[in-house]
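In UniProt numbering, the protein residues as written are 1 to 404.
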Amino acid sequence: MGGSPTNAAAPIAGQTLPPWQPGMLDIHHIHTGRGDALLFVLPDGTSLLNDAAGRRVEQAPFSFPTRPDASRAPGEWIARYVRRALPAGARGLDYALLSHFHGDHIGVVDSSSPASGHGGDYRLAGITEVAEHVPIARLIDRAWPDYRAPGVPDNPTMANYQRFIRWQGQQRGLVVERFEPGRNDQIVLRHQPAAWPQFELRNLYADGRLWNPADERVTDLLPAAARDGSQPGIDENQRSIAFRLRYGRFDYFSGGDLSSPHAQLRAEAPAWLDVETPVARASGPVDVLKANHHGSWDANSPGFLAALQPRAIVVTARADGHPAVNTYLRMRSTQLWPGPRDIFITHLSAATATTTYGVADAAAGGGHILVRVAPGGGSYRIVVLDDSDEAMRVKAVAGPYPAR
């Protein structure tokens with residue numbers, strides 16, 4: 001199978017996005033103004049939600065306007081988007097994958113968070129609010145079942161999350177798993193896997209453990225003292241889950257908030273402080289990269305970008321400085337890797353437009369960003385969707401690009 005989407009599925013600027021069709025791979029970068037939420041609709045209709053940001057009220061500098069508007073919490077907006085984008089007849093999400101335990105990826109429980117209306121003893125924000133509206137069959141994170149392990153945050157949001165998964169498991173049959181680096185059978189096509197044998201999702205890294213493609217072994221990237229928190233240098237971002245999705249010739253990388261701030265702030269830093277580069281080398285080159293850590297100053301290092309060599313980069317912005325000027329210049333540098341590249345940004349604030357020199361040349365600066373891969377994985381388009389309402393109107397289309 002291969003080729004381009006049928007004419008019925010080809011998106012056109014100014015029109016409503018045509019729905020997903022069997023054989024396509026859709027990757028939606030949903031913009032609520034509050035952080036990451038990525039929806040994958042796989043070739044057989046299997047669905048995966050990667051993160052679900054959500055906090056109704058934010059403080060500067062993390063104060064982008066809620067999109068489409070502030071009448072609903074971000075978690076509910078995500079759920080409504082998921083419902084629109086899932087295949088017709090889908091009963092819910094097959095998978096939810098949480099890259100790490102920061103609020104701009106799982107939601108933040110605060111005084112504005114309502115109680116669950118289903119009878120659970122938990123409150124709604126981010127992933128818990130998504131599940132209030134869209135059933136989730138299987139949830140994967142980096143720590144289950146030991147949320148008292150070193151490095152796992154201890155705060156009201158995490159306590160709420162644990163009540164959520166306990167109640168959902170007992171009352172709704174939710175299956176919870178720990179993400180296991182090295183596996184390519186943890187997230188799979190669940191409906192018609194035999195029809196699309198060219199699909200694979202490879203677990204690369206989580207919580208300091210990295211898969212090595214050369215010998216198929218999983219090893220500790222971090223020293224024991226860094227993993228258990230007794231040695232500074234590693235925080236929740238550096239523990240983020242990373243994976244590579246492959247469909248035919250098409251490859252995509254997502255790594256949550258992987259970053260290496262301490263490696264960039266020392267004259268002589270130990271190699272283990274740079275977690276990005278070895279993870280990227282384990283992945284190998286990709287067509288599309290979801291930028292690490294929203295394009296912040298401390299992420300998407302030279303070694304990381306040189307190893308991935310993306311043709312397109314999606315920056316899921318949530319604050320002024322996303323992307324940062326140094327990071328954006330690295331993304332544009334043909335000294336790191338040759339060839340053209342296009343950069344798509346979910347929201348370009350006035351402050352970022354002023355201080356991130358050259359960012360006006362980005363391919364897009366506002367909206368949901370959809371990567372739509374043709375059946376078989378031979379080519380893909382990148383579609384910018386209007387995020388001011390729920391009409392799924394196409395603002396712009398880039399491509400088709402040939403996959404690697």
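Think of the CB as a built atom: it goes at the ideal place given N, C-alpha and C, for glycine as much as any other residue.
Keep in mind it's a predicted model, so treat the numbers as computed, not measured.
At the level of alpha carbons, what is the spacing between residue i and residue j?
| i | j | result |
| --- | --- | --- |
| residue 3 | residue 225 | Confidence in residue 3 is poor, its pLDDT being 41 and thus under 50, which makes the residue's placement too unreliable to answer from. |
| residue 282 | residue 117 | 43 Å |
| residue 103 | residue 52 | 9 Å |
| residue 252 | residue 154 | 32 Å |
| residue 373 | residue 30 | 17 Å |
| residue 204 | residue 304 | 14 Å |
| residue 392 | residue 213 | 39 Å |
| residue 401 | residue 380 | 5 Å |
| residue 94 | residue 105 | 19 Å |
| residue 280 | residue 349 | 29 Å |
| residue 137 | residue 178 | 15 Å |
| residue 162 | residue 139 | 12 Å |
| residue 13 | residue 268 | 50 Å |
| residue 277 | residue 301 | 7 Å |
| residue 356 | residue 170 | 49 Å |
| residue 310 | residue 345 | 15 Å |
| residue 347 | residue 353 | 10 Å |
| residue 72 | residue 66 | 9 Å |
| residue 382 | residue 113 | 34 Å |
| residue 314 | residue 173 | 34 Å |
| residue 15 | residue 385 | 10 Å |
| residue 180 | residue 231 | 24 Å |
| residue 223 | residue 35 | 30 Å |
| residue 193 | residue 145 | 29 Å |
| residue 412 | residue 316 | Within the shown structure, residues of the chain are numbered from 1 to 404, placing residue 412 beyond reach of any answer. |
| residue 85 | residue 389 | 14 Å |
| residue 56 | residue 176 | 26 Å |
| residue 397 | residue 366 | 13 Å |
| residue 87 | residue 20 | 7 Å |
| residue 274 | residue 261 | 8 Å |
| residue 7 | residue 149 | With a pLDDT of only 48 at residue 7, under 50, the local geometry of the prediction cannot be trusted, and no value is derived from it. |
| residue 406 | residue 290 | Residue numbering for the chain in the displayed model covers 1 to 404; residue 406 lies beyond these limits and cannot be assessed. |
| residue 394 | residue 217 | 43 Å |
| residue 234 | residue 220 | 13 Å |
| residue 183 | residue 322 | 32 Å |
| residue 358 | residue 90 | 42 Å |
Please name the residue, chosen from the options, that lies closest to residue i on a Cα-to-Cα basis.
| i | options | result |
| --- | --- | --- |
| residue 210 | 244, 356, 365 | 244 |
| residue 80 | 37, 189, 119, 58 | 37 |
| residue 335 | 82, 307, 115, 135 | 307 |
| residue 201 | 97, 165, 297, 120 | 97 |
| residue 369 | 342, 259, 272 | 342 |
| residue 247 | 11, 371, 87 | 371 |
| residue 360 | 332, 207, 375, 403 | 332 |
| residue 403 | 285, 152, 321, 182 | 285 |
| residue 362 | 394, 312, 399, 375 | 312 |
| residue 339 | 367, 287, 273 | 287 |
| residue 120 | 165, 143, 235 | 165 |
| residue 156 | 111, 198, 141 | 111 |
| residue 128 | 198, 151, 159, 142 | 159 |
| residue 151 | 58, 134, 208 | 208 |
| residue 190 | 69, 199, 183 | 199 |
| residue 133 | 24, 265, 62, 83 | 83 |
Across which residues does DSSP place residue i in a beta bridge pair?
| i | result |
| --- | --- |
| residue 401 | 380 |
| residue 27 | 40, 371 |
| residue 205 | 210, 242 |
| residue 220 | 209 |
| residue 141 | 178 |
| residue 247 | 199, 250 |
| residue 289 | 253, 313 |
| residue 394 | 385 |
| residue 412 | In the structure as shown, the chain begins at 1 and stops at 404. Residue 412 is therefore absent and cannot be evaluated. |
| residue 165 | Per DSSP, none; premise fails for residue 165. |
| residue 136 | 93 |
| residue 16 | 393 |
Tell me, to the nearest whole angstrom, how far the beta carbon of residue i is from that of residue j; I am working on the premise that it is less than 8 Å.
| i | j | result |
| --- | --- | --- |
| residue 39 | residue 28 | 4 Å |
| residue 77 | residue 122 | In fact, because the Cβ distance is near 20 Å, the residues do not count as touching under 8 Å. |
| residue 100 | residue 239 | 6 Å |
| residue 125 | residue 75 | 6 Å |
| residue 297 | residue 263 | With 8 Å as the limit, residue 297 and residue 263 do not qualify as a contact, their Cβ atoms being about 13 Å apart. |
| residue 44 | residue 18 | 18 Å between Cβ atoms; not a contact. |
| residue 255 | residue 271 | Between residue 271 and residue 255 the Cβ distance is about 18 Å, and since that is not below 8 Å, they are no contact. |
| residue 130 | residue 49 | 7 Å |
| residue 320 | residue 293 | 14 Å between Cβ atoms; not a contact. |
| residue 377 | residue 249 | 5 Å |
Legend entry - alpha helix (DSSP H) runs contained entirely in the region 30-102, provided each spans 4 or more residues: Whole alpha helix (DSSP H) segments, 4+ residues: 74-85.
Inset, instruction - Enumerate, from N- to C-terminal direction, the unbroken alpha helix (DSSP H) stretches of 4 or more residues contained entirely within the region 250-286. - result: Whole alpha helix (DSSP H) segments, 4+ residues: 261-264, 276-283.
Legend entry - Runs of beta strand (DSSP E) wholly within the region 292-367 (minimum 3 residues, chain order): As far as the region 292-367 is concerned, its whole beta strand (DSSP E) runs of at least 3 residues are 312-315, 342-345.
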